[in-house]
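Each remark here refers to the structure printed beneath this line.
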Amino acid sequence: MNSINNNVVLTDVRSTIHEIYSFYKGYTPKLSTHIIPIIGGIAIAIVATIIMVMYF
-11 MNSINNNVVL
-1 TDVRSTIHEI
9 YSFYKGYTPK
19 LSTHIIPIIG
29 GIAIAIVATI
39 IMVMYF
């Protein structure tokens, strides 16, 4: 059960990163295209870590 939940969380995180990346890629100036998704990815990584700590 734990491994299934972990897999679902990881898939959700990956798709969320992809959505945020494509959103910022479309709507920000070229200078920010590489900076903002990295910041968003770090924020998502922190949230994912908190989720994993809460579940395990």
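FYI, this note's numbering numbers position 31 of the sequence shown as 19, with every residue one higher than the one before it. By construction, the Cβ of each residue, glycine as well, lies at the ideal position given by its N, Cα and C atoms.
6 Å Cβ shell around residue i - same chain, five flanking residues per side excluded
i: I5; result: G29, I32
Close Cβ partners of residue i (< 7 Å) along its chain, the five nearest in sequence each way excluded
i: I38; result: none
i: I23; result: none
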